[in-house]
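The structure appears below as structure tokens.
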Amino acid sequence: MSPAELRQLLADVQAGRVPAEEAAARLSEPAVGDLGFATLDLHRKERCGFPEVILAQGKTAEWVEQAVRRMSAAGQDCFVTRLSDEQAAHLAPHFPRAEQDRLARTLWLPASAARPALVGNVLVVTAGTGDLPVAQEAVVTARVMGVHADLIADVGVAGIHRVLRHRDRLAAADVVVVVAGMDGALPSVVGGLVDCPVIACPTSVGYGAAFGGVAALLTMLNSCSAGVCVVNIDAGFKAGYVAALTARRVETARRVSV
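To convert, count from 1 in the sequence shown and add 2; that's the numbering used here.
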């Protein structure tokens, strides 16, 4: 329970809208959901600003289903990443209200049907079309965290004029996520055009000496653009998550300064 939710609960008890017994039951909710095969962190939103995210990779479809059910029963927003086609097909009839994005390989089941307005401005940029699954994972992650996120696709350095067409959009972003495989050069270029953080996400797109994304990772880690930081290979979720946290802080500061 967040501080705001706690204050509202106490106000409801004081006003007689919520019985004391019900309030006590809410306050005594367990901090974890023990499923035997998984121990879900039900207080992560209070500490970190967003509930625990379920990584479907390496899990059976039934395990993922049970985890989603437990999160939902606890009144938690539920976000699942790296869903296989088999897992996605299994979950669809069990959670008809959930939103699946097969390109991003995600499932989103919010606790409430109400949709708060998105804040901030995250821009996700890909070097190539092959980077789109990782980029879309970043876009969806930022959006489910309540942040506005847009995508610019296929503007790699082999045709530098392609990214320069979007200088105004890049300059307006609170955070830019750059997703690139092959030589991984695009984040350094973008980092030289903007005054906001650039989160570089290498992908495993490429062959031979690309070494499954290691070449792009090393290029990004050695970027001479000071505003570039780097996440792991194919880590679209991590890039989107950090971008959203940053954009939310920027939005908070923007509102305070008004």
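No residue lacks a Cβ here, since even glycine has one placed at the ideal position from N, Cα and C. Bear in mind that the values here come from a model prediction, so they are computed numbers and not experimental data.
Between the CA atoms of residue j and residue i - distance to the nearest angstrom
i	j	result
Ala116	Val70	19 Å
Thr254	Tyr209	43 Å
Thr131	Asp87	21 Å
Thr41	Val34	6 Å
Ala91	Ala17	46 Å
Arg251	Glu7	20 Å
Ala77	Ser114	Going by the sequence as given, residue 77 is Gly instead of Ala. C-alpha separation (whole angstroms): 9 Å.
Ile235	Thr83	15 Å
Gly194	Leu172	11 Å
His2	Ala63	For residue 2 there is no data in the structure shown, the boundaries of the chain being 3 and 260.
Ser227	Asp156	21 Å
Ala119	Ala175	17 Å
Val66	Leu109	11 Å
Leu57	Lys240	12 Å
Inter-residue CB distance, residue i and residue j (contact presumed, cutoff 8 Å)
i	j	result
Gly122	Val149	4 Å
Pro272	Leu219	Examination of residue 272 is not possible in this model, given that the chain is present from 3 through 260 alone.
Val124	Ala245	5 Å
Gly242	Ser206	Gly242 to Ser206, Cβ: 18 Å. No contact.
Leu134	Arg107	At roughly 12 Å, the Cβ-Cβ gap does not stay under 8 Å, so Leu134 and Arg107 are not in contact.
Range of the contiguous beta strand (DSSP E) that encloses residue i
i	result
Val141	Val141 -> not in any beta strand (DSSP E); alpha helix (DSSP H) instead, spanning Leu134 to Val146.
Leu111	Thr108 to Leu111
Val216	Val216 -> not in any beta strand (DSSP E); alpha helix (DSSP H) instead, spanning Val216 to Leu223.
Ala182	Val177 to Ala182
Val232	Val230 to Val232
Asp36	Val34 to Asp36
DSSP three-state assignment for residue i, whether helix, strand or coil
i	result
Pro189	helix
Gln78	coil
Cys50	helix
Gln102	strand
Ile201	strand
Leu93	helix
Ile162	helix
Thr131	helix
Asp170	helix
Pro15	According to the sequence provided, residue 15 is Val. The question's Pro does not apply to it. Note: Val15 maps to helix in three-state DSSP.
Val149	strand
Spatial neighbours of residue i in its chain, beta-carbon cut-off 8 Å, leaving aside the 5 residues before and after
i	result
Asp14	Val20 and Ala25
Ala94	Ala100 and Gln102
Own chain, CB closer than 6 Å to residue i, minus 5 neighbours either side, in chain order
i	result
Met222	Gly186, Pro189, Ala202, Pro204 and Val232
His2	Residue numbering for the chain in the displayed model covers 3 to 260; residue 2 lies beyond these limits and cannot be assessed.
Gly214	Ser206
Phe81	Val55, Trp110 and Val146
Delimiting residues of the alpha helix (DSSP H) encompassing residue i
i	result
Leu125	Here Leu125 belongs to no alpha helix (DSSP H); instead the beta strand (DSSP E) covers Val121 to Thr128.
Val252	Gly238 to Ser259
Leu195	From DSSP, Leu195 is part of no alpha helix (DSSP H); its letter is neither H nor E.
Cβ-based neighbour list, residue i, same chain, cut-off 7 Å, excluding 5 preceding and 5 following
i	result
Glu54	Leu42, Asp43 and Arg46
Asp79	Pro53, Pro112 and Ala113
Gln59	Arg84
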